[in-house]
DNA sequence: AAATAATTTTAGTTGAGTCTAAATTTTATT
DNA sequence: AATAAAATTTAGACTCAACTAAAATTATTT
């Protein structure tokens with residue numbers, strides 16, 4: 105009695121869009137996220153509610169039940185474990201793996217995923233720095249802030265980036281920004297919101313939009 | 105422009121059922137293999153012919169075009185490479201992997217499959233002894249015969265087994281029959297067609313049906 | 001509080017892939 | 001060669017997941 109790919113993708117979208125404290129997601133938000141029509145979303149929400157994966161009230165939006173939340177979390181777990189495999193074992197780059205993991209996450213086998221986890225050494229984070237839920241659905245949250253929020257002279261280490269847009273990730277690679285890269289904030293250009301940073305001794309600048317999608321763990325600044 | 109899972113599965117079925125010299129597969133054979141109705145097969149054959157993956161004549165059956173054959177062969181390649189990964193890297197057993205590989209073979213990424221091949225060391229055979237096509241679609245055929253065809257006192261090594269039925273494979277494992285196992289034929293029980301063999305010094309018997317699905321490479325018999 | 005805008009749902013279609021039942025074509029048998 | 005049997009195709013219907021257009025509900029603004 106497995107779920108269809110479409111059902112799984114809807115649950116994943118609802119989890120991704122659920123934010124505390126409300127945890128209720130609107131029809132339009134899901135439609136935008138999945139690039140589909142609001143009418144299609146309404147149809148699917150009715151089905152998912154019928155199967156008790158979500159709680160849904162007409163015109164009010166949807167929220168995951170414990171059951172639905174568990175399924176969505178396991179999809180995230182599978183997605184991120186496969187990404188680790190693709191990068192660590194096969195040598196793919198962080199910009200190549202999201203699309204492939206979108207397919208791999210739907211493979212149905214609990215023994216497979218537990219053995220993959222073991223094979224990879226029970227990684228806690230994926231190649232973009234996102235936490236990997238364990239078999240019980242628990243994961244590590246780390247204190248982090250967008251690079252764009254750093255004040256001049258603050259410094260830190262890149263611990264995560266917004267995944268999934270390959271050209272954004274390739275841009276970072278070109279600039280020398282990777283997980284673990286140490287960055288010092290120099291300042292913001294008042295005209296164009298460009299961010300000035302240094303990596304090692306090297307100075308460079310990033311657009312504000314890019315800097316919002318790089319996440320930093322602060323280190324003691326002098 | 106990818107194929108649907110259903111289309112891919114039909115092409116794979118046609119390849120599996122194509123036997124020289126005719127290479128033409130009947131509607132009913134496909135229906136039986138895919139456990140579906142003949143009417144559904146007819147519908148799909150029309151679509152595949154329209155897309156030029158097969159040549160199809162009403163009432164006469166279907167055969168793969170070069171294009172269709174290439175796609176089906178690449179599915180076999182992916183299926184068998186994933187099986188090697190599941191057994192060699194993750195430590196699964198040969199009875200567990202077919203069903204999972206049926207899903208994994210549909211993952212769409214050429215770089216992925218070439219890197220997987222390299223990671224595994226370009227294996228030539230899968231965990232059931234079936235040959236793995238290379239990136240050009242070429243594979244190694246080996247001389248082999250069913251265990252049931254051995255004459256008394258002939259001996260050889262198990263180099264392949266019919267894959268895909270988990271309970272058959274578990275049965276073999278229990279009896280101590282694996283790829284590489286050396287077997288001597290002792291004889292056939294005239295009553296019930298049971299096959300008598302020895303493995304090392306140990307004697308055991310197998311049903312005729314089982315013995316037909318174990319493939320042997322003969323070694324010099326005294 | 002009424003009017004307008006935005007959001008969401010309903011109604012009616014579509015295409016993929018399947019089904020059963022009936023009709024057609026091919027093959028085998030007398 | 002005529003008839004019976006087997007194989008195959010056609011016809012019509014179903015489910016899933018999507019769509020557009022129109023209707024209904026909720027939110028916002030005047």
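Residue numbers (this note's numbering), protein chains in the order written: chain A, 105 to 326; chain B, 105 to 326.
For every residue, glycine included, the Cβ atom is placed at its ideal position computed from N, Cα and C.
Bridge partner(s) assigned by DSSP for residue i
i: residue 166 of chain B; result: B/129, B/160
i: residue 67 of chain A; result: As shown, chain A starts at 105 and ends at 326. That puts residue 67 of chain A outside it, with no answer to give.
i: residue 302 of chain A; result: A/288, A/307
i: residue 249 of chain B; result: B/320
i: residue 229 of chain A; result: A/235
Endpoints, beta strand (DSSP E) assigned at residue i
i: residue 308 of chain A; result: 306 to 310
i: residue 92 of chain A; result: No information on residue 92 of chain A is available, as it lies outside the stretch 105 to 326 that chain A covers here.
i: residue 320 of chain A; result: 318 to 323
i: residue 206 of chain B; result: Counting along the chain, residue 206 of chain B falls outside any beta strand (DSSP E), though it belongs to the alpha helix (DSSP H) covering 201 to 208.
i: residue 259 of chain B; result: 259 to 265
7 Å Cβ cutoff, residue i in contact with chain B
i: residue 122 of chain A; result: no
i: residue 219 of chain A; result: yes
i: residue 268 of chain A; result: no
i: residue 302 of chain A; result: no
i: residue 213 of chain A; result: yes
i: residue 322 of chain A; result: no
i: residue 204 of chain A; result: yes
i: residue 189 of chain A; result: no
i: residue 109 of chain A; result: no
i: residue 308 of chain A; result: no
i: residue 106 of chain A; result: no
Bounding residues of the alpha helix (DSSP H) (the contiguous stretch that carries residue i)
i: residue 122 of chain A; result: Careful: residue 122 of chain A lies outside any alpha helix (DSSP H) and carries neither H nor E.
i: residue 275 of chain A; result: 270 to 279
i: residue 222 of chain B; result: 214 to 223
Cβ of residue i within 7 Å of any chain A Cβ
i: residue 155 of chain B; result: no
i: residue 326 of chain B; result: Reliability of the predicted coordinates at residue 326 of chain B is poor, the pLDDT of 49 falling under 50, and the value obtained from them is presented with this limitation in mind. No, no contact with chain A.
i: residue 207 of chain B; result: yes
i: residue 226 of chain B; result: no
i: residue 229 of chain B; result: no
i: residue 223 of chain B; result: yes
i: residue 313 of chain B; result: no
i: residue 273 of chain B; result: no
i: residue 112 of chain B; result: no
i: residue 194 of chain B; result: yes
i: residue 185 of chain B; result: no
i: residue 216 of chain B; result: yes
Residue i vs residue j beta-carbon contact at 7 Å
i: residue 169 of chain A; j: residue 146 of chain A; result: no
i: residue 315 of chain B; j: residue 299 of chain B; result: yes
i: residue 319 of chain A; j: residue 258 of chain A; result: no
i: residue 119 of chain B; j: residue 176 of chain B; result: yes
i: residue 138 of chain B; j: residue 117 of chain B; result: yes
i: residue 256 of chain A; j: residue 312 of chain A; result: no
i: residue 162 of chain A; j: residue 230 of chain A; result: no
i: residue 172 of chain B; j: residue 220 of chain B; result: no
i: residue 235 of chain A; j: residue 244 of chain A; result: yes
i: residue 264 of chain A; j: residue 233 of chain A; result: yes
i: residue 279 of chain B; j: residue 254 of chain B; result: no
i: residue 322 of chain B; j: residue 260 of chain B; result: yes
i: residue 202 of chain B; j: residue 268 of chain B; result: yes
i: residue 121 of chain B; j: residue 129 of chain B; result: yes
i: residue 194 of chain A; j: residue 226 of chain B; result: no
i: residue 273 of chain A; j: residue 186 of chain A; result: no
i: residue 211 of chain A; j: residue 209 of chain B; result: no
i: residue 158 of chain B; j: residue 152 of chain B; result: yes
i: residue 112 of chain A; j: residue 190 of chain A; result: no
i: residue 142 of chain A; j: residue 135 of chain A; result: yes
i: residue 317 of chain B; j: residue 246 of chain B; result: no
i: residue 262 of chain A; j: residue 277 of chain A; result: no
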